[in-house]
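A short write-up of the structure that comes next.
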């Protein structure tokens, strides 16, 4: 049992749950002096509530801007996930001082992100390839451009190889590709779904947000039974309540969004005279 407890403690320390929550809550309360007189539990409630409202509002703005903005948000999340995973490998092999390690990682990640976005964008807006200038050129040849840039990055990697670091360098290069594959494939399909209709991105994301909020609310007011040792704040009451609340929310949200063409129609043509993207319903 003691070994299991130590393992859980180490995992919580790695994920930052052991001490960072209290530190972040303390810093947040310092920035909000109006909450200083509240109990720590309710102070945390208000901080989480305010931040949730801000983030939901920002997401609503992105939804209003349309599929292009939503797709850019997906690419941004892809790069953020990539940074988090690559930072783990960098912290492990930092003492090896690998040549151009970060430059190569980010170069390949950016090239992959450009391909993921542009391949979907120009597929759903082929009319843009018929325009003039650099935009038209990139629309027609973005695949060969991205492939050429990737090959250039691969050549640069080969040039940086050092005899005593072969194993480490190839391990990290593989780490980069596996990370991009694991996050890039879902990002590519998410962007494709977004251009098919933003309904297919809004609903899954909203369900995740709803589940997280409901788990916190049910756990806050009714939570008594711990769910897992890894995260003692999570409770069975929060888990069960969130399951049913999320299913109900999904039914209501889907029914509401299905009434509006803006959410369910495929992204369409972009005439030269149009100032906004159009949505075509079949």
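In the UniProt record's numbering, the protein residues as written are 1 to 282.
Every residue gets a Cβ at the ideal spot worked out from N, C-alpha and C, and that includes glycine.
{"Query": "Three-way DSSP call (helix, strand, coil) for residue 160 in this model", "Result": "coil"}
{"Query": "For residue 183 and residue 82, believed in contact at Cβ under 8 Å, the rounded distance", "Result": "6 Å"}
{"Query": "Chain-order list of residues whose beta-carbon lies under 7 Å from that of residue 214 (same chain, five-residue window excluded)", "Result": "241, 242, 245, 246"}
{"Query": "Those runs of the alpha helix (DSSP H) which lie wholly inside the stretch 192-239 and span at least 4 residues", "Result": "199-222"}
{"Query": "Neighbourhood of residue 220 by C-beta distance below 7 Å, restricted to the same chain and skipping five residues each side", "Result": "45"}
{"Query": "Contacting residues, own chain, Cβ-Cβ under 8 Å from residue 203 (five flanking each side not counted)", "Result": "250, 253, 254, 257"}
{"Query": "Close beta carbons around residue 272, own chain, < 7 Å, minus the five adjacent residues each side", "Result": "Residue placement at residue 272 cannot be trusted, given a pLDDT of 47 that sits under 50; what the coordinates show is reported in the next sentence. Here the set comprises nothing."}
{"Query": "Exposed unless 16 or more other CB atoms sit within 10 angstroms - verdict on residue 43", "Result": "buried"}
{"Query": "Nearest residue (CA-CA) to residue 143, options 267, 116, 188, 205", "Result": "116"}
{"Query": "Residues near residue 192 by beta carbon distance below 6 Å, same chain, minus five either side", "Result": "120"}
{"Query": "Three-state secondary structure assigned by DSSP to residue 124", "Result": "helix"}
{"Query": "Three-state secondary structure (DSSP) of residue 78", "Result": "helix"}
{"Query": "Buried or exposed (CB count within 10 angstroms, at least 16 for buried), residue 60", "Result": "exposed"}
{"Query": "Environment of residue 67 [buried if 16+ CB atoms lie within 10 Å]", "Result": "buried"}
{"Query": "Any non-hydrogen atom of the ligand FAD within 6 Å of residue 80 CB", "Result": "Ligands in the displayed structure: none, and consequently the ligand FAD is not present."}
{"Query": "DSSP-derived helix/strand/coil call for residue 99", "Result": "coil"}
{"Query": "Delimiting residues of the alpha helix (DSSP H) encompassing residue 94", "Result": "Here residue 94 belongs to no alpha helix (DSSP H), and DSSP marks it neither H nor E."}
{"Query": "For residue 259, three-class secondary structure by DSSP", "Result": "coil"}
{"Query": "Cβ-based neighbour list, residue 113, same chain, cut-off 7 Å, excluding 5 preceding and 5 following", "Result": "75, 78, 79"}
{"Query": "Three or more C-beta pairs below 8 Å linking the stretch 91-110 and the stretch 141-159", "Result": "yes"}
{"Query": "Pair within 7 Å by beta-carbon distance, residue 157 and residue 173", "Result": "yes"}
{"Query": "Minimum C-alpha distance to residue 227 - residue among 48, 128, 69, 239", "Result": "239"}
{"Query": "Beta-carbon proximity of residue 200 to residue 89, cut-off 7 Å", "Result": "no"}
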